[in-house]
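Numbering (our numbering), first residue to last: 4 to 285.
For each residue, glycine too, the CB sits at the ideal point set by N, CA and C.
The next block holds one structure in the form of C-alpha cells; read it before the comments.
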Ligand SMILES: C[S@@+](CC[C@H](N)C(=O)[O-])C[C@H]1O[C@@H](n2cnc3c(N)ncnc32)[C@H](O)[C@@H]1O
C-alpha cells in the first residue's frame, strides 16, 4: 500500500483519453474482497473510494470491467516472468493512468519502473502515490521521444514495456510509430500490449465502457496480433490470449452465450506478449 494522505479526497480534472484511466482502475478496485477475485488490488480499491468520480456510470458495463481485470492478471503474470529472469532490468508503463502495477509486483525484483502519461495524469499520480526510489514518473506524450535518453541514463536493460489499454485509442500510424520506436531504441525488449478486433472496434460504441462514458474513441484494431510480426521485421509475437477465454463465470450471461456461438465476439479482445530482436542500439 503506497497511497499519499490516504484519508483525503483528491480533486479531479481529466478529459479526453486521460479520462479512460478510471475504467481499469474501477475494474481492479471492484475485484477487491470477491471470493473469486481475478486480481488482488487493495490500493485501487482505496483509491476509488477517495476519488470524486462517478464510477457508477462505468459499472453499467460489467464486461469491460471483467476484461480489464483479466488484462491486469495476465500482464502481471508476464511482468513477473520478466522480473524473475531480469531482476535488475527496467519496466516502462506507457499510458500508466492510475495503474497499480508497481504496487502489485514490485516485490518480485529490483527493477526500475518508469511510469509514462500526460502531464495532468502524472500530476494526479503524484497526489495519489507515495514516492519510491525505484519509481520514476515520466511526463508527456510518449511520442515526444526525449524520454528515450532520460530512461536510458537511469535504467539498465533488459527492458519491458507495457501499453495496457492504450493502443486502441491511437491512430494506426501512431501504433506503427510506437512499434518502430521500441524496436529501434530498445532491441531485445519485451512489449506487452492489448487490442481489439475490427468487429469489436466497430461495435465499441455499443458496449465499451470507455467509449460510452468518455469522449475517447477506438481508432486501432487488429484481428490477429501475430500478423504484426510480418509488418515489423524483428518483432516476434510469442503469446496471444483472448480475454473471453478467461474467467468465463465473470462475463455476463448473454455474452457467455453469444461468445460460444460467435467466434468473432470471443476473439474480440486480445492481449499479447512480443519481443524485439536483440541487436545494436541506434
Ligand atoms: C485506458 S487508460 C489505461 C491506464 C493504465 N494503463 C491501466 O491499465 O490502468 C489509457 C491511458 O493512456 C494514456 N495515454 C494515451 N495516449 C497517450 C500518449 N500518447 N502519451 C502518454 N499517455 C497516453 C491516457 O492518458 C490514459 O491514462
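For residue 21, the Cβ falls inside the 7 Å cut-off from some heavy atom of ligand 1. Short of 6 Å from the beta carbon of residue 268, and not among the five residues preceding or following it, lie these beta carbons of its own chain, in chain order: 261, 262. Residue 57 counts as exposed, since fewer than 16 other C-beta atoms from the protein chains shown sit within 10 angstroms of its C-beta.
Residue 193 sits away from residue 275, with the two beta carbons spaced by 8 Å or more. When secondary structure is reduced to three states using DSSP, residue 77 falls in the helix class. DSSP places residue 116 inside the beta strand (DSSP E), whose first and last residues are 115-120.
Distance from the C-beta of residue 70 to the nearest heavy atom of ligand 1 is not below 7 Å. In the three-state scheme derived from DSSP, where H, G and I count as helix and E and B as strand, residue 166 is classed as strand. In this structure, residue 194 has its CB at a distance of at least 7 Å from all heavy atoms of ligand 1. Within 7 Å of the C-beta of residue 119 there is at least one heavy atom belonging to ligand 1. One thing to note: residue 148 has its Cβ within 8 Å of the Cβ of residue 184. For residue 138, there is no enclosing alpha helix (DSSP H); the residue is found in the beta strand (DSSP E) stretching over 138-142. DSSP places residue 217 outside both helix and strand once states are collapsed to three, so it counts as coil.
The segment 215-267 is shown to contain whole alpha helix (DSSP H) runs of 4 or more residues at 231-234, 256-264, in chain order.
Measuring C-alpha to C-alpha distances from residue 23 to each of 186, 223, 135, 102 identifies 102 as the nearest.
Going by DSSP, residue 186 is part of the alpha helix (DSSP H) stretching over 175-188. Judged by their CB atoms, residue 216 and residue 73 are not nearer to each other than the 8 Å cut-off. For residue 208, the secondary structure class from DSSP, reduced to helix, strand or coil, is helix. In this structure the segment 69-83 lies against the segment 234-249, because at least three pairs of beta carbons, one per stretch, are closer than 8 Å. Sixteen is the threshold: when 16 or more other Cβ atoms of the shown chains lie within 10 Å of the Cβ of residue 186, as they do, the residue is buried.
Annotated three-state conformation of residue 112 is coil, per DSSP.
Distance from the CA of residue 19 to the CA of residue 213, rounded to the nearest whole angstrom, comes to 10 Å. In this model, residue 112 and residue 44 are separated by some 19 Å (Cα to Cα).
Note: residue 275 is bridge-paired with 196, 243 in the DSSP secondary-structure output.
The three-state secondary structure of residue 132, taken from DSSP, is strand.
Classified as buried, residue 97 has 16 or more neighbouring CB atoms from the shown chains inside 10 Å of its CB. Rounded to whole angstroms, the Cβ separation of residue 92 and residue 159 is 6 Å, and the two are in contact under 8 Å.
Distances taken from the Cβ of residue 146 to the heavy atoms of ligand 1 include one shorter than 7 Å.
Under a 10 Å Cβ-count criterion, residue 198 is classified as buried, with 16 or more other Cβ atoms of the shown protein chains found around its own Cβ.
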